[in-house]
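Take a look at the structure below.
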Amino acid sequence: MSPDNASNILGFLSRHVLTTALWCAAALCVAVLLKGTAAVVRSLRNLWALEKVFPVPPGAHWLLGHLVLLRQSDRLKYERMSEWFRQYQQGYIFKHSAAMGRLIVTHPDDVRALLRRTGDGLLLSSGPKWFRNRRLLTPGFHFEILKPYVRLFSESTNAMLSKLYTQNNWKDLKPGSSIDVFHHMSLMTLDSMLKCTLSQNTNCQTRKTNDYLSSIHELAELTVQRAKSIVYLLSDFVYGLSPSGRRYKAACNIVHKHSAEIIRQRKDTLKEQSDGDSAKKYLDFLDILLRAKDEDGNGLTDAEIRDEVDTFMFEGHDTTASGLAWTLYCLARHPGHQEKCRKEAQEVLQGRTEVTW
Numbered sequence: 001m002s003p004d005n006a007s008n009i010l011g012f013l014s015r016h017v018l019t020t021a022l023w024c025a026a027a028l029c030v031a032v033l034l035k036g037t038a039a040v041v042r043s044l045r046n047l048w049a050l051e052k053v054f055p056v057p058p059g060a061h062w063l064l065g066h067l068v069l070l071r072q073s074d075r076l077k078y079e080r081m082s083e084w085f086r087q088y089q090q091g092y093i094f095k096h097s098a099a100m101g102r103l104i105v106t107h108p109d110d111v112r113a114l115l116r117r118t119g120d121g122l123l124l125s126s127g128p129k130w131f132r133n134r135r136l137l138t139p140g141f142h143f144e145i146l147k148p149y150v151r152l153f154s155e156s157t158n159a160m161l162s163k164l165y166t167q168n169n170w171k172d173l174k175p176g177s178s179i180d181v182f183h184h185m186s187l188m189t190l191d192s193m194l195k196c197t198l199s200q201n202t203n204c205q206t207r208k209t210n211d212y213l214s215s216i217h218e219l220a221e222l223t224v225q226r227a228k229s230i231v232y233l234l235s236d237f238v239y240g241l242s243p244s245g246r247r248y249k250a251a252c253n254i255v256h257k258h259s260a261e262i263i264r265q266r267k268d269t270l271k272e273q274s275d276g277d278s279a280k281k282y283l284d285f286l287d288i289l290l291r292a293k294d295e296d297g298n299g300l301t302d303a304e305i306r307d308e309v310d311t312f313m314f315e316g317h318d319t320t321a322s323g324l325a326w327t328l329y330c331l332a333r334h335p336g337h338q339e340k341c342r343k344e345a346q347e348v349l350q351g352r353t354e355v356t357w
């Protein structure tokens, strides 16, 4: 074959490959566009169907929906949301864009209807699965199991109070001044959950660096951030490619790996111990999950145990911290009730500095 013929063939092949690549790229773009269009159309149809039943509060931007309200101060956002809850007692639609909306349910009857369609999750499961898991987890909430936890709660609370008095100069606060206690409450409840669930004393209330603790807080922050973004809400795939999505995935991996490693280590420890012979002063939640057996002698799988641990860690510490912070806020606003609580606590403690069962 002459050099000219070889050159012509190579040129033809290169042009053919380039043309094919361009066509493939164009086809991919069209497919992505069609898929995105179909998703928007489905979202619009669902939104229009919801709008026939539930109201849309005023103030929504024609493109950004109610997301424009999220730019306001926390106080204004709270006042607006509280007003909507009072006004729309059945529920309302919070629009994320012109084509997307979220149904905010405010009535128990509507919640009951939605719960029937949430799947067979552990918290909402029913039938044989619910009874099996209920029997497996019930020992973890026996009074004799819970009693030692009170001392752990007291330790975590004292650590929080010590930090507040030394770092925030509470004694110098003037009447009428305020301080945000939620972050401190969150660390305190997380400290308690780590001790009661995994028997881990991490000193998370004073320790500034810990990959596991940082990942838990980052997951909570990223979840809230995603709820404010139209682009991130449209597609899990798009969110996964974003910097926030990659951080979310990395944080999830750290949390899951930590839980899996703790489970593996604890299983090895239990194998080395004879039945009923444990050097621990109390059984934590992980011990109970690992020891639990049904009537057929089957226990929970590692995946089920990890899911249970993660569920208790995330839902347990954050919701409890919110409730405690709100309770302190209400007591601060109502000194009379605060004094009643103080007197009752003094009567129960009878001069002691720690709460006991």
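According to full-length UniProt numbering, the sequence shown is numbered sequentially starting from 1. Even for Gly, the Cβ is constructed at its ideal location relative to N, Cα and C.
Helix or strand or just coil, what does DSSP make of residue i?
{"i": "F54", "result": "coil"}
{"i": "residue 403", "result": "As displayed, the chain neither begins before 1 nor continues past 357, which places residue 403 out of reach and without an answer."}
{"i": "G240", "result": "helix"}
{"i": "D120", "result": "The predicted position of D120 is uncertain, since its pLDDT is 48 and thus under 50; no value can be drawn from it."}
{"i": "R134", "result": "helix"}
{"i": "Y92", "result": "strand"}
{"i": "H334", "result": "coil"}
{"i": "G65", "result": "strand"}
{"i": "G36", "result": "helix"}
{"i": "Q350", "result": "coil"}
{"i": "S97", "result": "coil"}
{"i": "N46", "result": "helix"}
{"i": "W357", "result": "coil"}
{"i": "Y232", "result": "helix"}
{"i": "L283", "result": "coil"}
{"i": "P175", "result": "coil"}
{"i": "T20", "result": "helix"}
{"i": "T301", "result": "coil"}
Taking the alpha carbon of residue i as the point to measure from, which residue in the options has its own alpha carbon closest?
{"i": "Q205", "options": "S154, A227, A159", "result": "A159"}
{"i": "G316", "options": "D172, E347, T197", "result": "T197"}
{"i": "G176", "options": "A332, Q350, G351", "result": "A332"}
{"i": "residue 359", "options": "Y329, E354, E221", "result": "In the structure displayed, the chain extends from 1 to 357; residue 359 sits before or after that span and is not available."}
{"i": "V40", "options": "E304, P243, M313, S235", "result": "S235"}
{"i": "D109", "options": "Q89, H61, H96, A60", "result": "Q89"}
{"i": "R303", "options": "N210, G323, E261", "result": "As written in the sequence, residue 303 is Ala, which differs from the Arg given in the question. Here the closest residue by C-alpha is E261."}
{"i": "S154", "options": "K195, A251, S229", "result": "K195"}
{"i": "A321", "options": "H217, N201, R264", "result": "H217"}
{"i": "R134", "options": "E308, F182, K343, Q338", "result": "E308"}
{"i": "F237", "options": "K35, Q225, E83, D74", "result": "K35"}
{"i": "A227", "options": "K95, I145, R342", "result": "K95"}
How would you call residue i, buried or exposed, if buried means at least 16 neighbouring beta carbons within 10 angstroms?
{"i": "R45", "result": "exposed"}
{"i": "V255", "result": "buried"}
{"i": "G65", "result": "buried"}
{"i": "G119", "result": "Low per-residue confidence applies at G119: pLDDT is 48, beneath 50, and the placement is therefore not dependable, though the value from the model is reported in the following sentence. Result: exposed."}
{"i": "residue 398", "result": "The first residue shown for the chain is 1 and the last is 357, placing residue 398 beyond what the model contains."}
{"i": "D191", "result": "buried"}
{"i": "W23", "result": "exposed"}
{"i": "T353", "result": "exposed"}
{"i": "H142", "result": "exposed"}
{"i": "L300", "result": "buried"}
{"i": "S259", "result": "buried"}
{"i": "A251", "result": "buried"}
Using beta-carbon positions only, say whether residue i and residue j come within less than 8 Å of one another.
{"i": "A98", "j": "L67", "result": "no"}
{"i": "R86", "j": "L69", "result": "no"}
{"i": "R306", "j": "L290", "result": "no"}
{"i": "D318", "j": "S186", "result": "yes"}
{"i": "H184", "j": "L164", "result": "yes"}
{"i": "L47", "j": "G91", "result": "no"}
{"i": "D294", "j": "R132", "result": "yes"}
{"i": "P148", "j": "Y282", "result": "yes"}
{"i": "V150", "j": "W326", "result": "no"}
{"i": "M188", "j": "S214", "result": "no"}
{"i": "P128", "j": "I288", "result": "no"}
{"i": "L270", "j": "S244", "result": "no"}
{"i": "Y248", "j": "L286", "result": "no"}
{"i": "L137", "j": "L103", "result": "no"}
{"i": "M193", "j": "F54", "result": "no"}
Where does the unbroken alpha helix (DSSP H) through residue i begin, and where does it stop?
{"i": "V150", "result": "143 to 167"}
{"i": "A227", "result": "211 to 227"}
{"i": "W84", "result": "74 to 87"}
{"i": "T189", "result": "182 to 198"}
Kindly indicate the opening and closing residues of the beta strand (DSSP E) around residue i.
{"i": "G101", "result": "101 to 105"}
Would the beta-carbon of residue i be found less than 7 Å away from any heavy atom of the ligand ATP?
{"i": "G336", "result": "Absent from the structure shown: the ligand ATP. Ligands present: none."}
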